[in-house]
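Working notes for the structure below.
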Amino acid sequence: MAFKNISSFRSVLRSGVSGLAVGLALSAAGAAHAQDATAAPAEVDEVVVTGFRASLASAINMKRQESGVVDAIKAEDIAQFPDLNLAESLQRIPGVSISRINGEGRQVTVRGLGSDYTRVRINGMEAISTTGGTANSGGTNRGRGFDFNVFASDLFNSLAVRKTASADVEEGSLGATVDLTTARPFDSNKTQFVMSVGASYNDLSQKATPRVSALASRTWFDDRLGVLVSAAYEERRLKEEGANITRWTYGGSNGGFNAASTLPGFTLAQINNPNPATGIFAPRIPSYVSYDIESKRLGLTGTVQFRPTDQTLLTVDALYAYLAGTRKEAQLQAIGLSRSGVGKPQTIIRDGVVEDRNLVYARLDNVDLRTQSAYDELNTEFKQFTATLTHDFSDTLRVGALAGFADSTFTQPVSTIVTFDRANSQNYSYDFRGDRAPTILLGFDPTDPANWSHVTGTSEVRIRPQFVENQFSTGKIYGEWDFNDNLTLKAGADWRKFEYDSYGAYRTTETAVQTLTPAQLASVSKVFSGFGRNLDLPAGNATSWLVPDIDAYNAMLNIYSNSGIYALTNTNNSSARGQYGAVQEESTGAYVQADFKFDAFGLPWRGDAGVRYVKTDQESAGYAAVSGVIQRVQAKRSYDLALPSFNIATDLTDTVVARFSAAKTIARPGIGSLSPGGDVGVQGANRNFSSGNPELEPTKSTNVDLSLEWYPASGTIVAAGFFFKRIDTFVATLRREAVFNTLGLPDSLLAGTGALPTEVFQVTQPVNSDGGDLTGVELNWQQPLSFLPGFWSNFGFIANYTYVNSDIEYLTSTAPGAPTVSATLVGLSKNAANFTLYYETDRFSIRGSAAYRSGYLTQVPGSDGNSRHGTNETLNLDMQATVNLRENLKLSFEAVNLTDEFNDQYVGESNRLNVYTHSGRQYLVGLRYNF
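Counting the sequence shown from 1 gives a position; our numbering is that position plus 58.
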């Protein structure tokens, strides 16, 4: 069965085992070579050269000096980060995996814990950046996760991933705290001006777009005053294409198939079995989809540093980013297979094949088909301002303060879908027995306007603008006192205020459209063509079909007039009300910490021990039904926590470091989950009701980390780490199916949606469930082969592997004794590996990278009778090359996603295809000049 023909990375891992022995021998040889030349120092010398190898050595140096577990990525040179996308740089760090949108990294998962469990700080201040996306790539970010695709990497100087906690770092993460730092003038006291220009090309969209960046830095008055400004601008044009099934469901759902259906070897009762545990599953909305995506990304930074005396430093940072994009969609779908009433119950199965309880092939009559166009404008504006002041009162007493404000605003002012429909189409078939891309045969010419209609009550015009804003305000003070050479006492207090606001608007009735004559329909339509490039479509699949021309449709009917049947409403519409949510969190914290050094058992030890106390006041608001009346409701709660932490490291030899860490940490619930309101969602054949839970408890974890690191030579590390987390509770989403009129909600909520109170809805609510244990192992090996003779000495490699496991019991109901579903943590990939091979000289550099992530779950339990939803394994291959044409002039070439990896999502334990899309290969060429 094609569902199970998924490539495996096991063969690569097997070859890696044999390579491990060879590599360890190389490391040992390199260490011996280095020790023959000179004794290995206790600390790595400061790296002053530039380039990829130097950035690796600098990051290793930072890691070695820390007491806890910290990994870093350093810029190769000023305004030159190793990768064009920050998330793609982070994935080279052990334990870090990424999710992608539009072919580039969007969010990170650290040690199996998703982006909601990872805090991101920019220049020492916590921040959230929010973008939108297709439903296949996570949709609009309404959580705490940070969207890295907002920023150009040229704006940053270093990334650090703090995997263990210390009291002087604010709480809020279970996975890690990621620190992003922009370049500053005092990083280098010389005057600098750097400019780069380039272009990128996507082989699926077949479009080329520009990119440019610049940085200027200068100091005055004997390095007392410094100013740095930088800017980066980039345009992208790409396509994402493939299959979109919108899940599978059992035959008896949505009223079952027509009684005239026949299926060899099965009775009608078996075809329409209403039990998802034993029923036959069929695709809900088999379709092909194409997204045409354009984006423009602007980033600006500015830093002023002032040192009035040798003891005082004031740093003011400003960061601005704007990501503006448009997305056009063309989709051809069999929507009737998921409709009750006039949809599925009218559809007749004429023939079919069942494999493993899945109707993988079917020939059908009376199928309702739909072609739709969508147009979205998606904009993210991010701005942050921070001021940091430090002062040394003496050689032993230091104080500091930080104040900052950050705002991330996502706007989708235009979000429009227009549909054409074809009722009771004959001789339709689908076939999932080949490769992942299904065969879909329509039985008619989909490019002929005469074969489509636009009828009120059936066709739709959706206009759904939406907006999300996140704001952070921060203030903190701290001090350090060196009690003696071996003990430093630290203390501090901080205040943080986070504000979240989300809202949107809908039409009152989206199926209220102006019925078009055949001539009118032809005048507001166009043929979408060219579908399926590099998709290996089976023979007979449509590569062109008629779609609504939204511009022409608007010119005829003025759908953006906000009047008549196209008038928008907000809180008067049930679906629009669900977009409204507000959360405010105010946290006040304080900490004490002791940093210590001592000798014991003939070994030098260093570390820190401390405790952080935090009190959080939370307010949330939304719209809900109270005694049958919809009204705005609010909820308040407070909680406080004490979070101890302990980190210790020792140099077992001049080249071996051992670490131990223990701490209690928390992660607060997702923002969108805290609303006391509810949301009735009706979109096409989908029927949903979701509600929030303002009483969700934070997720608390007790953590232990152990690691052993060997630094046999400069720029080399071989390390192994073990981590354990005992997590007390997870926020799980309860999912069930229920007829709407049994939910205790007024029927008036469905007014204008086209849904009936007697229809089955997917009902969801977040709740606290039992936690579980999470364990894992990280292996990390970075090796410059400089000890080899001649040409070979310019090679080097980076390799890491992470294994993570967890067993979570997911709730199916809050009723006592209700069954649970045992599965791994959502978002957790058990296996992840990264490998980079590089070659670098003073003149030329080239490297290739492979990033592997095993499959992971995205939802448990699943919807529509599926036990789970998930994403299959991925293997991304990238490469980069640079050549120094002159001393200050560099030519670069980069290729991203060389294998054109597919976004392959599934539902159910039998790996039923849910999403199968790709976005092509991206090629970039550029020139960089350093004045």
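All C-beta atoms, glycine included, are put in the ideal place defined by N, C-alpha and C.
Environment of residue i [buried if 16+ CB atoms lie within 10 Å]
{"i": "Lys221", "result": "buried"}
{"i": "Ala90", "result": "Any reading at Ala90 must be qualified, since the residue scores a pLDDT of 43, below 50, and its modelled position is unreliable; the value itself is stated next. Exposed."}
{"i": "Trp603", "result": "buried"}
{"i": "Gln369", "result": "exposed"}
{"i": "Gly848", "result": "exposed"}
{"i": "Glu162", "result": "buried"}
{"i": "Leu661", "result": "exposed"}
{"i": "Arg970", "result": "buried"}
{"i": "Tyr974", "result": "buried"}
{"i": "Asp503", "result": "exposed"}
{"i": "Thr325", "result": "exposed"}
{"i": "Glu945", "result": "exposed"}
{"i": "Arg480", "result": "buried"}
{"i": "Tyr486", "result": "buried"}
{"i": "Asn592", "result": "exposed"}
{"i": "Leu943", "result": "exposed"}
{"i": "Arg794", "result": "exposed"}
Residue i versus the options, residue with shortest Cα-Cα distance
{"i": "Pro152", "options": "Ser765, Ala790, Tyr964, Ile904", "result": "Ser765"}
{"i": "Ala891", "options": "Ala881, Asn924, Arg901, Leu933", "result": "Leu933"}
{"i": "Thr240", "options": "Phe110, Ser288, Gly660, Thr800", "result": "Ser288"}
{"i": "Leu626", "options": "Thr566, Ser633, Ala597", "result": "Thr566"}
{"i": "Ala210", "options": "Ala577, Lys354, Ala117", "result": "Lys354"}
{"i": "Thr192", "options": "Arg122, Gln165, Arg179, Asn160", "result": "Asn160"}
{"i": "Leu273", "options": "Ala218, Glu292, Leu358, Gly309", "result": "Leu358"}
{"i": "Val425", "options": "Glu413, Ala392, Asp450", "result": "Ala392"}
{"i": "Ala667", "options": "Thr429, Ala225, Ala112, Leu144", "result": "Ala225"}
{"i": "Phe788", "options": "Tyr175, Asp805, Thr757", "result": "Thr757"}
{"i": "Glu298", "options": "Leu286, Ser263, Ser271", "result": "Ser263"}
{"i": "Leu427", "options": "Phe251, Asn482, Ser772", "result": "Asn482"}
{"i": "Asp922", "options": "Asn312, Gly730, Gln165, Asp280", "result": "Asn312"}
{"i": "Tyr910", "options": "Ala720, Ser473, Asn955, Phe780", "result": "Asn955"}
{"i": "Ser113", "options": "Ile856, Arg901, Ala570", "result": "Ile856"}
{"i": "Asp865", "options": "Asn331, Ser880, Gln917, Ser887", "result": "Ser880"}
Residue i: first and last residue of the uninterrupted beta strand (DSSP E) it sits in
{"i": "Lys121", "result": "Careful: Lys121 lies outside any beta strand (DSSP E), inside the alpha helix (DSSP H) at 110-123."}
{"i": "Tyr611", "result": "From DSSP, Tyr611 is part of no beta strand (DSSP E) but of the alpha helix (DSSP H) over 608-615."}
{"i": "Ser880", "result": "878-881"}
{"i": "Leu148", "result": "Run containing Leu148: none in the beta strand (DSSP E); it sits in the alpha helix (DSSP H), 144-148."}
{"i": "Pro662", "result": "661-684"}
{"i": "Glu387", "result": "370-391"}
{"i": "His976", "result": "970-976"}
{"i": "Ser157", "result": "154-159"}
{"i": "Glu292", "result": "283-302"}
Reduced DSSP category for residue i - H, G, I as helix; E, B as strand; rest coil
{"i": "Ala634", "result": "helix"}
{"i": "Asp865", "result": "coil"}
{"i": "Leu699", "result": "strand"}
{"i": "Val983", "result": "strand"}
{"i": "Val400", "result": "coil"}
{"i": "Asp261", "result": "coil"}
{"i": "Trp850", "result": "helix"}
{"i": "Ser311", "result": "helix"}
{"i": "Val519", "result": "strand"}
{"i": "Ser806", "result": "helix"}
{"i": "Gln689", "result": "strand"}
{"i": "Leu409", "result": "Looking at the sequence provided, one finds Asp at residue 409 rather than Leu. Asp409 falls in the strand class under three-state DSSP."}
{"i": "Ser76", "result": "Residue confidence is low: Ser76 scores 38 on pLDDT, short of 50, so the model does not pin down where it sits. No coordinate-derived value is stated."}
{"i": "Val208", "result": "helix"}
{"i": "Pro243", "result": "helix"}
{"i": "Ala60", "result": "At Ala60, the pLDDT of 49 sits below 50, so the modelled position is not reliable and the matter cannot be decided from this model."}
{"i": "Pro824", "result": "strand"}
{"i": "Phe989", "result": "coil"}
{"i": "Gly739", "result": "strand"}
Extent of the continuous alpha helix (DSSP H) to which residue i belongs
{"i": "Leu326", "result": "326-329"}
{"i": "Gln578", "result": "576-581"}
beta-carbon residue i near the ligand MN non-hydrogen atom, thresh 7 Å
{"i": "Tyr910", "result": "The model depicted lacks the ligand MN and carries no ligand whatsoever."}
What ranges does the beta strand (DSSP E) occupy inside the region 433-504, keeping only unbroken runs of at least 3 residues that lie completely in it? As far as the region 433-504 is concerned, its whole beta strand (DSSP E) runs of at least 3 residues are 455-483, 486-489, 497-499.
Inside the region 767-801 only - beta strand (DSSP E) runs reaching at least 3 residues: 775-797
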